[in-house]
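Trainee:
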Amino acid sequence: MKNKINNLKIINTDILIIGGGGAGLRAAIEAYDNRINNAKIIIVSKSLPGKAHTVMAEGGIAASLGDVDDKDNWKVHFSDTFKEGVYLGNYKMIEILVKEAPERVYELEKYGALFDRTKEGKIMQRAFGAHTYKRLCHIGDKTGMEIIRVLEDQVLKRNIEFLDELQITKIFKHENKIIGAIGLDLKSGNFILINCRAIILASGGCGRLYKTTSNSLETTGDGLAMAYDIGCELIDMEMVQFHPTGMVYPLGVKGLLVTEGIRGEGGILLNNKNERFMKKYSPKRMELDARDVVARAIYNEIKIGNGTEHNGVYLDISHKGASFIKKKLPAMYEQFKEFADIDITKQKMEVGPTVHYHMGGIKTNPGTCETNINGLFAAGEVAGGLHGANRLGGNSLADILVFGRRAGLFCSKYINENKRANFDIMSNLLLKQQINLEIRRINNYLSLYSFKSLKNKNNNNLVVYELLDLLKSTMNENVEIIRSEKSLKNALKVINSIKNQLKNIKVNGTTKYNRGLLACLELENELKIANCIIKSAIKRTESRGAHFRSDFPKTSKLWKKNIICKKQNNSLKLTLVKVPELSKNLKKILAD
Amino acid sequence: MNKIIKIYKSQENKFKEFEVPIQEGMVVLDAVIYILEHFDSTISVRWNCKAARCGSCGAEINGLPKLMCKTRIDSIKEDIEIKPLKIFKNVQDIVVDVSDTWEIKKKMPGFEIINKFSNKNISTKEMKIYEIDVERAQEFKKCIECFLCLDSCHVIREHKTNYIGPMHVVKTASFDMNPIDKKIRIDFLDKNGIRYCNVTKCCTEVCPAHIKITDNAIIPEKERINDKKIL
Ligand SMILES: Cc1cc2nc3c(=O)[nH]c(=O)nc-3n(C[C@H](O)[C@H](O)[C@H](O)COP(=O)(O)OP(=O)(O)OC[C@H]3O[C@@H](n4cnc5c(N)ncnc54)[C@H](O)[C@@H]3O)c2cc1C
Ligand code: SF4
Ligand code: SF4
Ligand code: FES
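Shown next, in the form of structure tokens:
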């Protein structure tokens with residue numbers, strides 16, 4: 060009884076997987092298949108099963124099968140990925156990615172995935188930006204959904220527990236070892252403490268930090284913030300990918316992705332003078348250059364007055380004919396028809412850049428996905444270091460499968476080798492205190508628990524939305540495609556002032572499925588991540604890939620370095636680490 | 011222009027009314043988000059992708075099961091009334107408890123690859139599959155599991171049967187019509203009430219993924235069951 064804290068439920072597991080997207084599900088399968096002594100595995104997610112952000116992935120998964128272009132192989136894929144990441148990506152991770160991606164694709168087939176096919180009955184692969192060959196295996200423009208479905212089928216076959224709508228808010232460690240996590244069960248409003256021996260973080264990216272984004276509601280960077288809080292190292296945080304083509308109109312869908320698949324299938328970009336402007340910026344690769352190049356070109360066209368009515372540029376695929384478009388890009392056809400009253404088989408689309416992906420993230424050991432905290436593994440978009448300064452389309456779906464699997468594998472190894480029992484968090488006074496503090500931190504946002512004087516202040520309870528909006532528009536305007544020391548320092552000022560107002564935020568309602576309360580938690584997490592992104596971006600006094608500084612427009616040899624963020628004595632410390640030298644073998648591949 | 015939006019609040023067991031300024035192209039979910047941010051942040055409501063991809067945001071809008079993120083405000087002339095899906099236990103306001111659907115999926119016999127490729131060491135690289143064979147299953151794989159068809163089905167709404175409902179038949183069909191799957195699931199469907207479906211096609215009408223649920227999934231599965239019984 061003395062251990063009882065109000066509304067706290069305690070559960071035990073060996074492995075806790077935070078995230079039900081592609082990385083989390085794939086990790087669960089592998090951890091399960093390699094565990095011994097019936098180790099228990101739990102997946103938690105903020106959303107319902109099968110609805111994670113990954114379902115939105117459209118264009119495809121990059122793997123050098125050579126089914127369409129038989130000249131393709133892992134070496135070319137390696138060199139494309141490394142070069143387009145502007146030599147910042149971790150070569151060991153890239154090598155693993157490109158070598159293992161084909162196996163992961165075939166494995167999806169064994170799980171029942173049905174890719175689009177070539178005439179010869181092989182897997183159809185489409186062209187994508189900066190991939191030398193046709194390399195993206197796809198299911199129309201619904202690739203992510205198929206991946207989620209077939210992985211879920213595998214999870215369902217195994218004795219893996221899936222706790223949905225359980226939002227983890229804090230991870231606990233003891234003597235630099237993972238011991239558990241606490242979260243809020245949205246449906247009941249109860250706090251849940253999970254004792255565990257290891258955690259795989261597969262909690263996705265942080266696109267929602269920006270106002271204009273293609274990302275779903277749940278991508279608020281919780282995993283990054285929680286890992287940062289317990290002293291985990293983050294890498295390349297300044298590297299935020301802007302996808303060249305998001306919808307710009309109507310307002311409600313501003314930012315929604317228009318897949319690169321459209322350009323891959325032959326779509327062209329035009330400005331308001333009907334010029335195919337990519338001729339100016341990238342005469343060779345045109346629309347299919349790397350994302351940072353195309354995004355900057357569009358950004359520029361709009362800035363110099365060549366934009367469309369709704370501040371975008373035109374994207375046109377109508378020359379391909381209705382039946383081709385409906386077969387190859389059904390979701391895009393629907394999306395424009397339903398949301399914008401545009402028939403893309405006949406009319407041009409209006410598009411503009413949108414925040415899409417975070418290359419930065421948790422620094423892991425290249426092969427094993429381990430972090431600097433024992434028992435904490437990370438995979439998928441939450442992890443960093445693989446893509447360098449720019450991510451190629453299709454490489455993320457490959458990433459979540461290749462490294463999701465590895466995280467599961469090495470996490471189960473860790474569990475098998477470290478045969479200690481679960482640490483009983485509640486029996487440790489200090490930790491118990493931490494739990495109490497965490498519960499209080501969250502309850503403190505509820506006006507329910509605050510003094511009368513605060514409670515009655517009218518409409519005070521909606522301030523959180525104003526602050527969230529301020530944060531997101533500040534990121535949009537100051538930490539965007541082109542940044543400068545001035546704009547970045549501006550942003551820093553704003554986030555510091557928001558931070559100072561955090562304490563006073565109160566929302567109505569209880570802990571049960573309370574959108575206002577979730578907005579508060581989102582804000583607190585996003586401020587931490589924004590701080591890392593902005594300070595890293597100030598530090599990097601050069602332009603490289605997605606990070607373009609108007610005050611330092613050139614790429615500098617001296618900057619073949621990664622920036623590492625770490626919390627020390629309650630403040631952010633940045634360190635620079637040289638990008639490791641390539642092995643001879645890989646150097647030769649690059650030279651070819 | 012303003013629009014009256016009424017949202018069901020479960021604690022008071024009645025609708026709360028809001029007046030929301032409307033912009034061109036707005037969907038119902040935009041209005042709900044506006045209400046959260048400007049009037050009442052305590053309304054429980056579920057969404058994720060806001061792009062008709064994830065199937066989280068189903069609700070009864072003026073009595074019809076629809077996705078809030080896909081329903082244009084200008085498609086509705088009257089005031090808008092938003093209720094939770096009726097067939098599920100209510101959690102709070104518009105949010106319902108769909109955990110039963112996970113249990114049904116757990117019971118459903120899953121995908122099993124044809125013997126030729128079941129060996130762990132054989133790559134599927136040599137597996138030739140043709141476009142014409144995948145197309146049929148791909149229709150069912152478009153299902154975003156939004157639960158709308160379940161909510162529309164009178165067998166589930168009005169009768170106490172063990173029918174698992176159209177969404178799950180679509181999932182079963184996606185396995186059964188997969189050219190590299192070897193299992194047959196007619197016993198599962200037979201035991202789980204597919205016979206109660208009297209092919210009214212209400213489910214097909216509400217499907218946001220435009221799957222011909224009744225014609226292409228339910229009827230062929232029913233026919234297979236009948237064929238087997240005759241044999
Ligand atoms: C529109 C769109 C199209 C894309 N198309 C492609 C493409 O064609 N090819 C490609 O390679 N990539 C594509 N991407 C990128 C790719 O989809 C993502 O990077 C990838 O799916 C990330 O997967 P993940 O498993 O790491 O995380 P996610 O799928 O984001 O999953 C994160 C999971 O963590 C859970 N979670 C988060 N925080 C918490 C918490 N606090 N507590 C509990 N659970 C939590 C979430 O609920 C979710 O289940 C696309 C992205 C978008 C937005
Ligand atoms: S066709 Fe069958 S499943 Fe669909 S709504 Fe009618 S009775 Fe229900
Ligand atoms: S079949 Fe259609 S209506 Fe039913 S769950 Fe799937 S997408 Fe929704
Ligand atoms: S929010 Fe995903 S379908 Fe509406």
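Chains as they are written, first to last, in the working numbering: chain X, 60 to 651; chain U, 11 to 241.
A virtual CB, placed ideally from N, CA and C, is assigned to each residue, including glycine.
Residues in the region 564–578 of chain X with C-beta within 9 Å of chain U's C-beta atoms, listed in sequence order?
Mentor: So the close ones are V566, N567, G568, T569, K571, Y572, N573, R574, G575, L576, A578.
Trainee: Mark G282 of chain X as exposed unless 16 or more other C-beta atoms lie within 10 angstroms of its C-beta, in which case mark it buried.
Mentor: In the first sequence, residue 282 of chain X corresponds to position 223, counting from 1. When all chains shown are included, G282 of chain X counts as buried.
Trainee: Along chain X, in chain order, which residues have C-beta atoms closer than 7 Å to that of T134 of chain U?
Mentor: The sequence position of residue 134 of chain U within the second sequence is 124, counting from 1. By Cβ distance, chain X contributes Y165, E168, K169.
Trainee: Going by DSSP in three states, C470 of chain X sits in which element: helix, strand or coil?
Mentor: Along the first sequence, one-based indexing puts residue 470 of chain X at 411. Looking at C470 of chain X - three-state DSSP - the assignment turns out to be helix.
Trainee: Measuring only the C-alpha atoms, how far is I376 of chain X from K386 of chain X?
Mentor: In the first sequence, residue 376 of chain X corresponds to position 317, counting from 1. In the first sequence, residue 386 of chain X corresponds to position 327, counting from 1. C-alpha separation (whole angstroms): 13 Å.
Trainee: Helix, strand or coil: how does DSSP classify K655 of chain X here?
Mentor: Residue 655 of chain X falls outside the range modelled here, since chain X spans only 60 to 651, and no answer is possible.
Trainee: Just the Cα atoms here: how many angstroms apart are L641 of chain X and K647 of chain X?
Mentor: Locating residue 641 of chain X in the first sequence gives position 582, counting from the first residue. Locating residue 647 of chain X in the first sequence gives position 588, counting from the first residue. So the two alpha carbons sit approximately 9 Å from each other.
Trainee: Please compile the residues from chain X whose C-beta is within a distance smaller than 8 Å of the C-beta of D107 of chain U.
Mentor: Translated into the one-based positions of the second sequence, residue 107 of chain U becomes position 97. By Cβ distance, chain X contributes K246.
Trainee: Since E29 of chain U is in the beta strand (DSSP E), which residue starts that stretch and which ends it?
Mentor: Here the question's residue 29 of chain U lines up with position 19 in the second sequence. Its beta strand (DSSP E) spans residues 24–31.
Trainee: Kindly say whether F231 of chain X, judged by its beta-carbon, lies nearer than 8 Å to any beta-carbon of chain U.
Mentor: Mapped onto the first sequence, residue 231 of chain X falls at position 172. F231 of chain X does not count as touching chain U.
Trainee: Quick one: which chain U residues come within Cβ less than 8 Å of M115 of chain X?
Mentor: Along the first sequence, read from residue 1 onward, the residue named residue 115 of chain X stands at position 56. Result: C59, A61, R63, C64.
Trainee: Give me the subset of the region 97–121 of chain X whose CB atoms are less than 7 Å from a CB atom of chain U, sorted by chain position.
Mentor: Against chain U - using a Cβ distance shorter than 7 Å - the residues of the region 97–121 of chain X are S106, L107, P108, G109, K110, V114, M115.
Trainee: Is T52 of chain U close to chain X? Criterion is C-beta to C-beta, closer than 8 Å.
Mentor: Translated into the one-based positions of the second sequence, residue 52 of chain U becomes position 42. Output row for T52 of chain U: interface = yes.
Trainee: Pull up the distance between the alpha-carbon of F482 of chain X and that of F231 of chain X, whole angstroms please.
Mentor: Locating residue 482 of chain X in the first sequence gives position 423, counting from the first residue. Locating residue 231 of chain X in the first sequence gives position 172, counting from the first residue. Going by the C-alpha atoms only, they are around 11 Å apart.
Trainee: Using only the alpha-carbon positions, how far apart do N449 of chain X and M296 of chain X sit?
Mentor: Counted from its first residue, the first sequence places residue 449 of chain X at position 390. Counted from its first residue, the first sequence places residue 296 of chain X at position 237. C-alpha separation (whole angstroms): 12 Å.
Trainee: Near L67 of chain X, which residues of its chain fall below 8 Å by C-beta distance, leaving aside the five closest residues on each side in sequence?
Mentor: Along the first sequence, read from residue 1 onward, the residue named residue 67 of chain X stands at position 8. Correct list, in chain order: N249, F250, I251, L252, I494, I498.
Trainee: Name the one or two DSSP bridge partners that N621 of chain X has.
Mentor: Taking the first sequence and counting its residues from 1, the one referred to as residue 621 of chain X is at position 562. DSSP, once it has assigned bridges, lists X:V636 as partnering N621 of chain X.
Trainee: Which runs of the beta strand (DSSP E) at least 3 residues long sit entirely within the region 213–263 of chain X? Give them in chain order.
Mentor: DSSP runs (the beta strand (DSSP E)) wholly in the region 213–263 of chain X: 220–222, 225–233, 236–244, 250–254, 257–260.
Trainee: Does the region 33–41 of chain U come close enough to the region 82–91 of chain X to have 3 or more Cβ pairs within less than 8 Å?
Mentor: Judged by Cβ distances under 8 Å, the region 33–41 of chain U makes no contact with the region 82–91 of chain X, as fewer than three pairs qualify.
Trainee: In the DSSP output, which residue or residues are listed as bridge partners for L77 of chain U?
Mentor: Counting from 1 along the second sequence, the entry for residue 77 of chain U is found at position 67. According to DSSP, L77 of chain U bridges with U:G68.
Trainee: Just mark H378 of chain X as buried or exposed, buried being the case when its beta carbon has 16 or more other beta carbons within 10 Å.
Mentor: Mapped onto the first sequence, residue 378 of chain X falls at position 319. With fewer than 16 Cβ atoms within 10 Å of its Cβ, H378 of chain X is classed as exposed.
Trainee: Just mark Q492 of chain X as buried or exposed, buried being the case when its beta carbon has 16 or more other beta carbons within 10 Å.
Mentor: For the purposes of this step, residue 492 of chain X is taken as the residue at position 433 of the first sequence. By the neighbour-count rule (16 or more Cβ atoms within 10 Å), Q492 of chain X is not buried but exposed.
Trainee: At the 8 Å Cβ level, is I15 of chain U part of the contact set with chain X, yes or no?
Mentor: Your numbering for residue 15 of chain U matches position 5 in the second sequence. No, its Cβ sits nowhere closer than 8 Å to a Cβ of chain X.
Trainee: Select from the region 21–44 of chain U all residues with a C-beta closer than 7 Å to any C-beta belonging to chain X, and list them in chain order.
Mentor: Answer set for the region 21–44 of chain U: Q33, E34, G35, M36, V37, D40.
Trainee: Is it a yes or a no for the region 215–223 of chain U touching the region 68–87 of chain U, going by three-plus beta-carbon pairs under 8 Å?
Mentor: The region 215–223 of chain U is in contact with the region 68–87 of chain U.
Trainee: I need the straight-line Cα distance from V553 of chain X to R195 of chain U, nearest angstrom please.
Mentor: The sequence position of residue 553 of chain X within the first sequence is 494, counting from 1. The sequence position of residue 195 of chain U within the second sequence is 185, counting from 1. Near 59 Å, if we compare the C-alpha coordinates of R195 of chain U and V553 of chain X.
Trainee: In chain order, what residues have a CB nearer than 6 Å to some heavy atom of ligand 4?
Mentor: In chain order, the qualifying residues are U:W57, U:N58, U:C59, U:K60, U:A62, U:R63, U:C64, U:G65, U:S66, U:C67, U:L77, U:C79.
Trainee: Assign R450 of chain X to one of three DSSP states: helix, strand, or coil.
Mentor: Sequence index remark: in the first sequence, residue 450 of chain X carries index 391 (1-based). Note: R450 of chain X maps to coil in three-state DSSP.
Trainee: Is there a Cβ of chain X sitting closer than 8 Å to that of N188 of chain U, yes or no?
Mentor: Indexing the second sequence from 1 puts residue 188 of chain U at position 178. It does: the Cβ of N188 of chain U has a partner Cβ on chain X nearer than 8 Å.
Trainee: In whole angstroms, give me the CA-to-CA distance for N93 of chain X and A466 of chain X.
Mentor: Counting from 1 along the first sequence, the entry for residue 93 of chain X is found at position 34. Counting from 1 along the first sequence, the entry for residue 466 of chain X is found at position 407. C-alpha separation (whole angstroms): 12 Å.
Trainee: How is the beta strand (DSSP E) around M306 of chain X delimited, first residue to last?
Mentor: Translated into the one-based positions of the first sequence, residue 306 of chain X becomes position 247. Its beta strand (DSSP E) spans residues 299–306.
Trainee: Does L46 of chain U have its Cβ less than 8 Å from a Cβ in chain X?
Mentor: Taking the second sequence and counting its residues from 1, one reaches residue 46 of chain U at position 36. For L46 of chain U, the answer is yes, since a Cβ of chain X falls inside 8 Å of its Cβ.
Trainee: Measure the CB-CB distance between T413 of chain X and F301 of chain X and report whether it falls below 8 Å.
Mentor: In the first sequence, residue 413 of chain X corresponds to position 354, counting from 1. In the first sequence, residue 301 of chain X corresponds to position 242, counting from 1. Yes, these two residues count as a Cβ contact at 8 Å.
Trainee: At a CB distance below 9 Å, what residues from the region 386–406 of chain X approach chain U? Give them in sequence order.
Mentor: Residues P389, A390, E393, Q394, E397, F398, A399, D400.
Trainee: Check this for me: beta carbons of I86 of chain U and K192 of chain U, under 8 Å apart or not?
Mentor: On the second sequence, position 76 is the one that residue 86 of chain U refers to. On the second sequence, position 182 is the one that residue 192 of chain U refers to. No, they are not a contact pair.
Trainee: If you check the beta carbons only, do G188 of chain X and G452 of chain X fall under 8 Å apart?
Mentor: Against the first sequence, residue 188 of chain X aligns to sequence position 129. Against the first sequence, residue 452 of chain X aligns to sequence position 393. Against a cut-off of 8 Å, the Cβ pair of G452 of chain X and G188 of chain X comes out as a contact.
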